[in-house]
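Reviewing the structure listed below.
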Amino acid sequence: MAVRDYIRERFFPHIWCPGCGHGTVMSSMIRAIENLGIGKNDIVVASGIGCSSRICGYLDFHSLHTIHGRALAFATGVKLSRPELTLIVPMGDGDAFAIGGNHLIHAARRNIDITAIIMNNNIYGMTGGQYSPSTGYGDFATTAPYGNIDQSFDLVKLALGAGASFVARSTTYHVTSMIEILEKAITHKGFSVVDILSQCPTYFGRK
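So the sequence shown is numbered by my numbering: it starts at 1179 and just counts up by one.
Following this line, the structure appears as structure tokens:
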């Protein structure tokens, strides 16, 4: 199938800046789902708020565009009521680590059968380039003009420590391996976390 068979063309052009990595992640998600042969009606995509969360509206699956940080809570409710469905939750690092951090660790603790795909660009991109829980120590942001004084989370270690049974990391540069990782994550029975390092050329990239 062509990519356009998986997207809602009426919502295009997309909002992402030139050079943003999120489109690469969305394309890789489509390829992974296509390779697995999962029907569109068997997938639910839930997202919160942020640049990455717009994927939910662009993909032509059952979708829930929820409130900031709460996508995993909504997805948990769907999975408990309709366990036969495949649940995918695209999030950003701020959405997943900060306001949604409690839902992330408890979804991992429960090891519920959901795939969390986290586009980690080390910044809040949609709201103006503020530092996030994954922004490195000393890195600059609009809310850290003299350098970030906080230590950052390592998502892989956090997810493993909380009990997620599938954890992986990739980048938007390694597309082939990213697709393979996404296939494994989606088919894994249990809570899957994929940390994808994605660039934000507008805010973080030019600091």
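All C-beta atoms in this analysis are idealised placements derived from N, C-alpha and C, irrespective of residue type, glycine included. Owing to the predicted nature of the structure, the values given are computational and were not obtained by experimental measurement.
Secondary structure within the stretch 1261 to 1321: the alpha helix (DSSP H) runs of 4 or more consecutive residues, fully enclosed, are 1271 to 1275, 1279 to 1288 (chain order). Under the three-state reduction of DSSP output, H1200 falls in the helix class. Annotated as proximal: G1247 and D1273, with beta-carbon spacing under 8 Å. Here L1265 really is in contact with T1293; their C-beta atoms are around 7 Å apart, less than 8 Å. D1373 is bridged by DSSP to I1296, R1347. Taking 8 Å as the cut-off, the Cβ atoms of I1233 and P1268 count as close. Bridge partners of L1237 according to DSSP: I1185.
For V1223, the closest C-alpha among the options H1281, G1339, F1239 is that of F1239. Contact between I1374 and I1295 holds, since their C-beta atoms are separated by about 7 Å, short of 8 Å.
S1225 counts as buried, since no fewer than 16 other beta carbons sit within 10 angstroms of its beta carbon. Buried is the label assigned to K1257, since at least 16 other Cβ atoms lie within 10 Å of its Cβ. The beta carbon of H1281 lies closer than 6 Å to those of L1250, A1251 in the same chain, with the five residues before and after it left out. By the criterion of a C-beta distance shorter than 8 Å, H1192 is surrounded in its chain by G1201, R1232, Y1236, once the five residues flanking it on both sides are discounted.
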